[in-house]
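Counted from 1, the sequence shown has number 135 at position 77 by the working numbering; the numbering is strictly sequential. Glycine included, each C-beta is placed from N, C-alpha and C at the ideal position.
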Amino acid sequence: MLEDMNPDKTGFTFPCLAIERVREHPDSTDEDVKLMREYLADANWGAKRLVTALRKKGIKLHTDSIIRHREKRCPCWKT
Ligand SMILES: [Zn+2]
């Protein structure tokens, strides 16, 4: 049962919530996901400001998810 464990993948078992929260929203499109990636890459968008703006759109996200993405600690950076 443990044969498929792989240390390289440990820590990347969770999806990137910053992206997933946008993707799983019923009204979001591929364009929204693309925009979200741009906002995440944009230093003008502070984590708290982005969380507040997203909440107004009905997307609940934690600043930790944004920070995690920006510190490249999420699957987005795994090739
Ligand atoms: Zn990410």
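Tell whether a beta-carbon distance below 9 Å holds between residue i and residue j.
i, j, result
"L75", "L108", "no"
"I117", "H83", "yes"
"I77", "M94", "yes"
For the alpha helix (DSSP H) that residue i lies in, which residues bound it at each end?
i, result
"E96", "D88 to A99"
"K114", "A105 to K114"
"R81", "L75 to R81"
"H120", "It is not in any alpha helix (DSSP H) - H120 carries neither H nor E in the DSSP assignment."
Using a 10 Å radius around the Cβ and a threshold of 16 neighbouring Cβ atoms, would you call residue i buried or exposed?
i, result
"L60", "exposed"
Exercise for the section: Name all residues in chain order for which at least one heavy atom of ligand 1 lies closer than 6 Å to the residue's CB. Expected result: C74, A76, I77, H127, C132 and C134
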